[in-house]
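Going by the working numbering, 188 is the number at position 176 of the first sequence; the sequence numbering is gapless. Backbone N, C-alpha and C define an ideal beta-carbon position, used for all residues, glycine too. Notes follow once the structure below has been shown.
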Amino acid sequence: MKIATFNINGIKARAEALVDWLREAEPDVVCLQEIKATDEAFPHELFDGLGYTIATHGQKSFNGVAILSRLGLEDVTRGLPGDEGDEQARWIEATVVGKRAVRICGLYLPNGNPAPGPKYDYKLAWMERMRARATALLATEEPFVLAGDYNVIPQDEDAAKPEAWREDALALPESRAAFRRILNLGLTDAFRARVRGPGHYTFWDYQAGAWPRNNGIRIDHLLLSPQAADLLRDAGIDKEIRRREKPSDHVPVWIDLDA
DNA sequence: ATGGTTGGTGTCCAA
């Protein structure tokens with residue numbers, strides 16, 4: 013089962029590029045972030061004939077997540093538990109059944125800038141709610157995947173210029189500690205289980221020639237439950253699509269599970 | 001320190 017995460021930065025602006033990538037990469041499951049569209053505005057018709065079932069949790073203008081699956085979607089739920097007043101569309105779950113059933117959680121973790129401030133407080137509180145949800149899922153002892161844009165640079169080796177991110181919400185010690193608290197529940201960073209060392213990025217800013225300078229950061233992650241980690245066969249980053257016309261500022265990250 | 005770019009349905013905000 014090939015599972016990918018891709019911050020698409022606007023589904024309406026990127027639908028054609030997404031279809032091209034789906035045809036090439038042939039993922040079974042894709043978690044999308046920043047669709048920047050309501051459920052009604054998602055261009056389902058552009059994906060007809062590709063064989064994907066689509067579940068969205070959209071919002072006008074900002075945020076918005078979706079899951080695409082060519083193995084079907086069961087028990088879809090929307091929203092991260094823990095704050096009934098939270099209006100931001102950043103979390104969606106579904107179960108996908110291949111050889112095994114895998115619970116897929118697609119997430120768009122808050123950016124948190126500027127820090128300190130209310131946006132940073134929201135980010136840290138959201139991460140604590142995510143930790144609680146992961147804890148509940150671990151109790152099921154079933155395979156699950158937390159896939160998305162985490163807006164966290166886990167370590168200095170995950171940035172081309174770590175010093176440029178010192179004061180940024182993506183790399184502040186509290187952000188890294190909150191990420192580690194989730195990881196330390198017993199989850200596995202799938203990419204890091206397969207590839208070690210610096211120089212592996214998933215995001216390059218549109219500004220200041222970040223892409224031609226390879227000034228990137230690794231902020232899109234797939235965390236695996238112990239039962240999912242046992243099934244991990246491979247992981248990778250589809251870096252090359254960043255050089256295409258009108259790309260997203262993120263690229264897809266994928267895993268292959270024996271499931 | 002600053003500036004640079006993109007998408008949305010915007011006369012600026014979020015990233």
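- If you check the CB distance, ALA25 and GLN71 do not come in under 8 Å.
- Taken through DSSP and simplified to helix, strand or coil, GLU86 comes out as strand.
- Annotation note: the region 127-169 contains the following uninterrupted alpha helix (DSSP H) runs of length 4 or greater, listed N- to C-terminal: 130-150.
- Check the Cα spacing between LEU85 and each of ASP95, ASP98, THR65: the tightest is with THR65.
- Looking at the DSSP output, TRP177 bridges to nothing.
- For VAL207 and ARG230, the gap between their C-alpha atoms comes out near 13 Å.
- Apart from the 5 residues on each side of it in sequence, ARG141 sits with its Cβ closer than 8 Å to the Cβ of LEU92, PRO93, GLY94, ASP95 in its chain, given in chain order.
- Taking a contact to require three or more Cβ pairs closer than 8 Å, the region 199-206 and the region 247-260 qualify as touching.
- The C-beta of GLY124 has 16 or more other C-beta atoms within 10 Å across all chains shown, which makes the residue buried.
- Residues GLU169 of the same chain have their beta carbon placed closer than 6 Å to that of PRO210, with the five preceding and five following residues left out of the count.
- Scanning the region 37-73 from its first residue to its last, the whole beta strand (DSSP E) runs of 3-plus residues come out as 41-45, 65-69.
- The region 155-168 makes contact with the region 183-190, as at least three CB pairs between them are under 8 Å.
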